[in-house]
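Enquirer: Numbering (the numbering used here), first residue to last: 1 to 126.
1. Between 65, 70, 117 and 81, which lies nearest to residue 53 when the distance is taken from Cα to Cα?
2. Quick check: what's the CA-CA separation for residue 43 versus residue 60?
3. Return the first residue and the last residue of the alpha helix (DSSP H) that residue 32 is part of.
4. Determine the closest residue to residue 29 out of 58, 92 and 49, with distance taken between C-alpha atoms.
5. Could you check whether the stretch 17-34 touches the stretch 87-101, counting it as contact only if at least three pairs of C-beta atoms, one from each stretch, sit closer than 8 Å?
6. Note the first and the last residue of the continuous alpha helix (DSSP H) segment covering residue 116.
7. Give me the Cα-Cα distance between residue 110 and residue 18, rounded to the nearest whole angstrom.
8. Check whether the Cβ atoms of residue 40 and residue 97 sit closer than 8 Å, and answer yes or no.
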């Protein structure tokens, strides 16, 4: 069975494609009249549920097994589906609140680089 996710698709979208995906998600929800349910609270809850479903795949695996999870096609497919669900809800959440996710991420990395300078936090995860 051929995995529908090929290397080209795994690279992911660029910034303009990210916006296009947000619009596709909004159109998908609008066509089904789901927008009344897409409140920040509901989207945050759905995001948490989907992240938990991703975690469930790894729940009882050893660190070594978790590092090889993409070697099994069925498990790899489940991981990709859950990653897509998490990202879909995150993008919808950002759209509803007017948050640019790439700008927010860049700002967070900038803050973390200042908070955790090299040499002062080596080997110690926050």
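Every residue, glycine too, gets a C-beta built ideally from N, C-alpha and C. Every value quoted in this text rests on a predicted model; they were computed, and no experiment measured them.
Expert: Reading off the structure:
1. 81
2. 27 Å
3. From DSSP, residue 32 is part of no alpha helix (DSSP H); its letter is neither H nor E.
4. 92
5. yes
6. Neither: residue 116 is in no alpha helix (DSSP H) and is coded neither H nor E.
7. 21 Å
8. yes
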